[in-house]
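Undergrad: Attaching a single structure in structure tokens format; questions to follow.
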Amino acid sequence: MTLLTFDSLRYARRLRESGMPEPQADVQAELMAESFDAIAEKVLTKAHFEAVLDARFAEQDAKLEAKLDQRFAEQDAKLEKRFASIGERFANIDERFVSIDQRFMSIDQRFTEQDAKSEKRFAEQDAKSEKRFAEQDARFEARFVKLEKTLFLHTWMLGLIVLVLVVPQLQAWLA
């Protein structure tokens, strides 16, 4: 794919016209054609240069793409591993919260039971206190009734004493 061309017949004809013998001109033209072809093979054309560059860039792009894909895959794997680890941690935390919730429910149940027991005890104590106060009130009431009877008797007795002792004395003084 050479763009440079060498016309060996024209070269040989010009050599013959300048006075060179025909066999020598033909040999020299052939040698020039061969060397020109060898040089032309080594000459880099723009299209060839672009093709080589495109191939190399494509190769480098492929290598870079492969490396990037590998690195992204490694990073994805690391991230997935980390997220899995974080997921496990959250699962453990959730389990701990469930355990704590169960403990709180147990404590709440115990408080409820304790409240019920306390309410029952307070009700029993209130009933006992009310009963004792009622008994005490009944005793006081009985004593007050007794005292009222005694006071009633004392009042009559004092009245009799006054009549028996004070009235005759007053009569004596007044007489």
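Its first residue numbered 1, the sequence shown is counted upward by one per residue in UniProt numbering.
Here a beta-carbon is modelled for each residue, glycine too, at the ideal position from N, C-alpha and C.
(1) What is the residue span of the alpha helix (DSSP H) that V98 lies within?
(2) Just curious, the alpha helix (DSSP H) that S8 is in, first and last residue?
(3) Give the straight-line distance between the Cα atoms of residue 177 and E17, rounded to the nearest whole angstrom.
(4) Return the chain-ordered list of same chain residues with a C-beta closer than 8 Å to the C-beta of K117, the five sequence neighbours on each side being excluded.
(5) Return the chain-ordered list of same chain residues with a C-beta closer than 7 Å to the C-beta of Q28, the five sequence neighbours on each side being excluded.
(6) Quick check on residue 207: buried or exposed, where buried means 16 or more other Cβ atoms within 10 Å of its Cβ?
(7) So F6 and F36 are supposed to be a Cβ contact under 8 Å. How far apart are they, rounded?
(8) Whole angstroms are fine: how far does the CA of S99 sit from the CA of K78?
(9) Check P21 in the structure and name its three-state DSSP category.
(10) When you compare the CB positions of S8 and E30, do they come within less than 8 Å of one another, or not?
TA: So, from the data block:
(1) Locating residue 98 in the sequence shown gives position 98, where the first residue counts as 1. Segment K46 to I161, the alpha helix (DSSP H) holding V98.
(2) For the purposes of this step, residue 8 is identified with residue 8 of the sequence shown, where counting begins at 1. S8 to E17 is the extent of the alpha helix (DSSP H) around S8.
(3) In the structure as shown, the chain begins at 1 and stops at 175. Residue 177 is therefore absent and cannot be evaluated.
(4) Here residue 117 is taken as the residue at index 117 of the sequence shown, counted from 1. So no residue of the chain qualifies.
(5) For the purposes of this step, residue 28 is identified with residue 28 of the sequence shown, where counting begins at 1. Taken in chain order, the residues that qualify are L15.
(6) Residue 207 lies beyond the range of the chain shown here (1 to 175); nothing can be said about it.
(7) To locate residue 6, count along the sequence shown from 1; it is residue 6. To locate residue 36, count along the sequence shown from 1; it is residue 36. About 4 Å; that satisfies the 8 Å criterion.
(8) Residue mapping note: residue 78 aligns to position 78 of the sequence shown, counting from 1. Residue mapping note: residue 99 aligns to position 99 of the sequence shown, counting from 1. One C-alpha to the other measures close to 31 Å.
(9) Within the sequence shown, residue 21 is the residue found at index 21, counting from 1. The answer is coil: DSSP assigns P21 none of H, G, I, E or B.
(10) As a working mapping, residue 8 is identified with position 8 in the sequence shown. As a working mapping, residue 30 is identified with position 30 in the sequence shown. In this structure, E30 lies closer than 8 Å to S8 by Cβ.
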